[in-house]
Structures are given as structure tokens and as C-alpha cells.
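Comments concern the structure below.
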Amino acid sequence: MLLSDNVLYVEVRGEKIKTADDPAQGTSVIPSYFDTDQCIEKIISTVGSTLVVGVPLGLGKPNLLINALYQRARQDPEISLTILTALTLEVPQPKSDLEARFMGPLIERWFRGYPELDYARDRAARTLPPNVTIHEFFFAPGQFLHDARSQQQYISSNYTHIARDMLSRSTNVIMQMVSPGEGEHAGNVSLSCNPDVTLELVPKLRATGRPCIAIGEVNEDLPYMYGDADVNADFFDALFVPPQKSYTLFSAPKPSVSIADYMIGLYASTLVKDNGTLQVGIGSLGDAVTYCLCKRQSDNDKYRALVESVSNTQSRGLLESVGDDDVFTQGLYGATEMFIDGFLHLFDAGILKRRVYDDPLIQRLLNDELIDEGVNAKTLDTLEHHGGFTYPLNETSATRLKESGVLCDAVSIDALGLKIHSDHVRFDDNREKVRQFICAHALGERLANPTVMHGGFFLGDQTFYQRLRELTDEERALLKMTSVARINQLYRNEELDRLQRINSRFINTCLMVTLNGAVVSDGLDDMRVISGVGGQYNFVVMAHALDNSRSIIKLRSTYNDKGKPRSNIVVSYGNVTIPRHLRDIVVTEYGCADLRGCSDAECIAALLNIADSRFQAELLQAAKASGKIDASYQIPSEYRDNTPARLAAQVQPYSEQGWFAPFPFGTDLSDEEITLGKALKSLAADVRTSSGKARAFARALIKGSGQGQENLLARMSLDKPQGVTERITQRLVSAYLRQ
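Convert by adding 28 to the 1-based position in the sequence shown; the result is the number in the working numbering.
The following block contains the structure:
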């Protein structure tokens, strides 16, 4: 691994690993570079000074190489540098004195040792040079809402089309962070967090015949993941080994989960069937779904009691027709573009345990319960009966049986027959003799190479990364990373995908839903992009294409607009991500609405039933004015008390028993920081409006007791205020800590 023109060994994780045989003996050598300048020279000498560089979404960016290439372009205006990427991760930058006091220690704790991206810093400062262009396919939500240049250079594309679109823009350089292999994986690297696009892009780029180069940047901190992400080092043209061999991975802190989020997660969790397939995304709503699934498994009686107490007639009907609220006996399989840490919690809880196999016949027989995962004579005979092989066996069919685990690892296979220890049988012996030999000596114990999750990329906090590093080999082999071209669609291997993805539930989040069922997820009606399409459209379409599968769109019923609530269920909107003809299930904190196959009037009525009651009347009136619902229609009484106060009352008994904590899967925030965070969030919400600012400062003028706040104020460096400004700031913080 890590081959070099002049270095035959590279130290990886403290061990010297052989990287090549003697080049003089004719062994192909993959260059390794230990200096960024050497890498940049290699890139420019290969493709010239017009550089169109593809780098992964999110975590997998090779920050050291990108920074070196960007700095070279800054220094040399003759170089044209275009970066094609998505979800550029940036260390948070405090925007006020209060933010700096709170965030400063957190930034130091979370991002110490993380090399920030220079182009991201300069883009934020509006100082990108004219010879550098950054195109992104997906933004961190809201990050570039007020950045005209970034808005203009955004590329709207389905996740599955990004490799195609990168090729169409003449990409000639691919760079990615990789994890180095060791032990039995020596000679390999793992694409780890980002096989999503790279797996497809690299071979297609080489097939164009135009000059190109693919370079991997080694980082020993990156978890080594299996599946299609585990590739031979010669997948790349060169590898860059930083002198320190590792650096801190970007940490995405976990958000807190609100009561509304939890209720959305609860309703969504009732729609997930045992013996099914799951996709779910990042964020507080994703955490809420996985938390509620775990509660469904670990405390089922209480879970079912809660579901029964909060569910309206519409939601109960969906639970009965589409979902389930019992424990998972067969479990779930994950087919998810994003591997969030929630899947590890589902794995540890014994929920993510439905094993799938990459042999279509074996998967079909498992689905039909004609075989199970334990191998015996019945397995062999059933495979024969259904055309899995015929007698006489040959080397190819015997090898397939061994790879699938039907034959044990100890069996050796050659052109003539099978051998195990001193026993052997010829392929041309009669059927019964060969069968008896296999049953007596050569059967495996279990089907081989199972998978409980296929993921396309991952991003999380340091706890998540450490858990991935600590996986046993057996656990790691069950959690495979692969391309989104495989996960997000059915076009590559439709027969196998349909067999594996039974009872699928694809759970995603949106910004708004219109009364006719269209979904708004990526942008505003003034054309500005908030985030991007990502894979949402792919999964919605796939839910309609797969039997017994559903798309579940999560939606907070309201948002806060300068201190005033606004409905996220709207009459219409000038931007649509998922069109109305693909409408399916929508979930808010007030319940579920099944829109699939509905008339427009039925769709409107179902959505009104899960809207916040403060906005139901005006939404209904608008629908009547358009003639889309009968003029005499009234919202049934059981749906007219959809209010935050009712939610809080319903959930309170469970909160008092320890359910629905702000951070369901833990946090590295201290208790003091959680308390401060709540107070500062409330303060920030109030000062968004003039009247709110006035109220906040009025509260600050009322001197109250600061008893018990000493440590909290010290954490903000406000325990000993200096000057008028700090004293006012202290008073503000103290006032909001008291509320």
C-alpha cells in the first residue's frame, strides 16, 4: 500500500507496511507523495493549468491537498481552478460577542487539529480570486442564502446525476480523503465516508481518454469501512501521505430535539414495518425517528400507550394499514444515502438486523422462506431445485457456492473437483456421490457476506467516528459503504434491489408542503437555494416504484418568522422539489396524512387535519375560494386542537419519566452549556424584532437574584464584568437564565 517512486515501505498506524516489490522486478508502482508541492506539480504536469477538480460531499474532502491547490491558484493567475463539490463544511464563526463567549470554547474543543478549508474561508469573506470558481451541488442549509456569487454558481442535480454532471463539466482531477488499509487489507484503501460519487466517477473519467488524475489523501483518523468502499490502492493514480499521517475529522455537533420533533419522529416510527427497509437523514428529526424506533423496541408497552393516547383517527388508520407498533423480530435493513449515527443506535438496539445478500436467487429464497441463513442439506437441494446450480458441478458453480457460504471455507476447488483435508470428490462423479460428499464434509455453517446496511456517505460527531473505529471486523462487514448509484435508484441491478428493499420506508424532511401535496425542500420562491435536492427525489420516486413501499416526508407544521408563527402547510408556493403527482405520506407533530392516490379535495382535507389549528381556517378558506374543496366542508372537531400547548400536555407524563430529553443520544455539551444554550437561544429569538429587543432590555434592567448562576456566568466570562457593555450583557444573560 502507499506505493512510491523511491519508497518501498510506509509507516501506517505505527507499523511499517510493505508497499511494493522491487520496481526493478517489473512491479507496477503507485506514486506516493509526502509533500503537497510535489502533488500539485504532478497534477499540473498531468492535466495542465486548467484544473476542474471534483471533491466529495461533506467529510471526505482532502483538505490539505485542496488548500495547497487553492493557494497555488491564488499565487498564479495563469491557473484556472474550478472546484466541483457539495456540502462544504465550515467551522462556525461567531457573529456577536455573546456567540463568541459561548462558542469559543466549543470551537476549540470540537475543531482542534482540524485544517480549515482556505477556499471556504475566502468565499465567506468574499475574497475568492477571479481565477477560482466553486460550484456546489448541495449547500449546508441556509449557508449561502445571502451570497449572490454562490447562489449563481450552484448546480441543481439529483445525487445520482452528480457523477454525470461532473464529467460534462470536463472534470480532470479527482481528490479524496482515504483511510489506509492494514493487516489483510494492506494494499487497499477505503473510500470510507464517501464512496457515494467517487466509485462511479473515477472509472468513467478514465474511460473518456482525456488527461486526468485521481489522488487519495491518507488520514489514519478516518474509519476504515468495508463494502465497495474498500478498493485496491491502484484505484488512485497517486496517494498523498501527510507528514503527520492524520488530522482531526470535521465534527458535526448534534442538534437538540424539540417536543414537536419528537412527535414527528413518533408518528413516523409507527409507519416502519418489521422485516422492512429504512432510509432516514441527518438532523434533529432524524434523531427523533431513530430514538422512537429504539423506544418501540426497548419499552414497547409504554410506546404503544403513548401512540394510542396522541393519535387521531387519521393517524391510527395509517398505522393499521401501512405501519406497525410492535417490536422488531425480523428487523430492518438500511438502504440509505447517508449513514447517520442513528443507524448505529438501531444496530446496537437489535433493530438493524435484517441481513440481505447480493445473490438474487438466495435473496428470493430467503424472502419466500424456502431457506434460512443457516446452511444445511435443504439449502443445497433448494438451490439446485430453483436453478442455482446443476450437477455435474464445475469450477465456476462450485466457486459461487463457496462464495455464498453454502460450501465451507476449508474446501479447495480446482478444475477437477472438490477437496477438503484428505477427502475429495470429482465433478464428474455421479450426482448422489457429489451431493453426499458435500453434505458430509463440505457444507458451510451460514450464508456468507451478509449486509444489514448499505450507506453512501457519513458525517457526524467525534463520538460517532470513534464508534466506527471500534467496530469489530464482523460488525464492520455488516455495515457496507457503496455508491449512491446503487443505493438511490433501481437501475443498476433492479432484480436484486427489489428483493432486498422490501417494505421500504424512505423518510426525509422538507420545508413546506402545499395543499395539493407538492413538497418544497431545497429553496425559496425567489429562486434562492437553501440546501439542495440531494437524494430526496430519488427516494420518493423509488418509493412509488417498489411494492409495499412508502415515502414519508417529515414537516414541522410551523416556523418562526421574526417572533411570529407561520404555517409550513401553504396554499401554494413558487418552488417545488417533489411535484404533486408524487405525493405520498406527510407527517407533522399533529399526525400523518396519506396523500397517495387521493383526489385533490381528499389531499387538502388530510393535510388540514395535521396543520396547526391557528392556520386551519385561512387554509380551508383559500381552498374553498379556489373551488378545490366543497364550500360546506368543515374540519372535523378532533383535528381542531392542533396546538403546541396540547402537545406539551400530552408528552409531559413521559418527559417526567425520562423520555424526550433534548439530546436523545447524548452530547459532549456540559450541563452548564446546555442551560446556557437554552437561555441564549431564547434571547436570540427575542432580539430579532424591535419589540423583542425592548422587552429583553427591560428584563435586563430589573435586577434579579444571580444566585446559582456563578458558574454559568463564569463560563461566559461574565462573572466579573468590566465596563458598561459587559455589565448590560451580564444582566441580559442572567435574566434569561432565570426564566
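Beta carbons are placed, not taken as given, at the ideal position from N, Cα and C, and that holds for glycine.
Remember, it's a predicted structure, so these values are computed and weren't measured experimentally.
query	result
Three-state class that DSSP yields for Tyr37 in the structure shown	Note that Tyr37 scores 32 on pLDDT, short of 50, meaning its location in the model is unreliable and no value can be drawn from it.
Straight-line Cα distance separating Glu106 from Ser77	7 Å
The stretch 132 to 149 touching the stretch 176 to 196, judged by at least three CB pairs closer than 8 Å	no
C-alpha gap between Ala773 and Leu87, whole angstroms	Only positions 29 to 767 of the chain appear in this structure, which leaves residue 773 out of reach.
Ile657 versus Glu523: straight-line alpha-carbon distance, rounded	42 Å
Range of the contiguous beta strand (DSSP E) that encloses Phe278	Element bounds for Phe278: n/a, residue is neither H nor E.
Coil, strand or helix - Arg474 by DSSP	strand
Best match in His189, Arg192 and Ala261 for proximity to Ser207 [C-alpha to C-alpha]	Ala261
CA-to-CA distance, Leu647 to Ala653, given in whole angstroms	10 Å
Secondary structure of Gly484, DSSP reduced to three states	strand
As assigned by DSSP and simplified to three states, the class of Gln53	Reliability of the predicted coordinates at Gln53 is poor, the pLDDT of 38 falling under 50, and the value obtained from them is presented with this limitation in mind. Of the three classes helix, strand and coil, the one that applies to Gln53 here is helix, per DSSP.
Burial state of Thr305 (16 or more Cβ within 10 Å)	buried
Straight-line gap, Pro122 to Ala176 (C-alpha atoms, nearest Å)	21 Å
Exposure of Met366, with buried meaning 16 or more beta-carbon neighbours within 10 Å	buried
Beta-carbon gap between Phe693 and His469 smaller than 8 Å	no
Closest residue to Ser595 among Gln678, Gln180 and Leu635 (Cα-Cα distance)	Leu635
For Arg129: DSSP bridge partner residues	For Arg129, which the question treats as bridged, DSSP gives no partner whatsoever.
Residue from Arg154, Asn328 and Gly141 whose Cα sits closest to the Cα of Asn247	Gly141
Proximity to Leu398 [Cα-Cα], best of Val384, Asp386, His414 and Met555	His414
The stretch 296 to 305 / the stretch 349 to 362 touching (three or more Cβ pairs under 8 Å)	yes
Supposed contact pair Leu109 and Leu79 - C-beta distance, whole angstroms, cut 8 Å	5 Å
Sequence-distant residues of its chain with Cβ nearer than 7 Å to Gly433 (five each side left out)	Val403, Gly472, Arg474, Leu475 and Ala476
Entirely enclosed beta strand (DSSP E) segments - the stretch 281 to 361, minimum 3 residues	304 to 308
Nearest-angstrom Cβ-Cβ length linking Leu229 and Leu219, presumed shorter than 8 Å	Contact doesn't hold; Cβ gap of about 11 Å is too wide.
Coarse secondary structure for Ala12, derived from DSSP in three states	Since the first residue of the chain shown is 29 and the last is 767, residue 12 is not available in this structure.
Lys592 - partner residues in DSSP beta bridges	Asp589
Terminal residues of the beta strand (DSSP E) in which Leu195 lies	Not the beta strand (DSSP E): Leu195 falls in the alpha helix (DSSP H), residues Ile190 to Ser196.
Proximal residues to Ile613 (C-beta, below 8 Å), its chain only, five neighbours per side dropped	Leu299, Leu346, Val350, Arg578, Ser579, Ile580, Ile581, Cys620, Ala621, Asp622, Leu623 and Arg624
Pro143 versus Lys508: straight-line alpha-carbon distance, rounded	28 Å
Buried or exposed (CB count within 10 angstroms, at least 16 for buried), Leu334	buried
Segments of 3+ residues assigned as beta strand (DSSP E) that fall wholly inside the stretch 370 to 453	445 to 448
Segment limits, alpha helix (DSSP H) that includes Ile68	Thr64 to Val75
Where Cys467 falls, given that 16 or more other Cβ within 10 Å makes a residue buried	exposed
Residue burial classification, Ala726 (beta-carbon count within 10 angstroms, cutoff 16)	exposed
Residue burial classification, Lys44 (beta-carbon count within 10 angstroms, cutoff 16)	Note that Lys44 scores a pLDDT of 37, beneath 50, so its modelled location is shaky; the value from the coordinates is reported in the next line. Exposed, since its Cβ has fewer than 16 Cβ neighbours within 10 Å.
DSSP state of Arg668 mapped onto helix, strand, coil	coil
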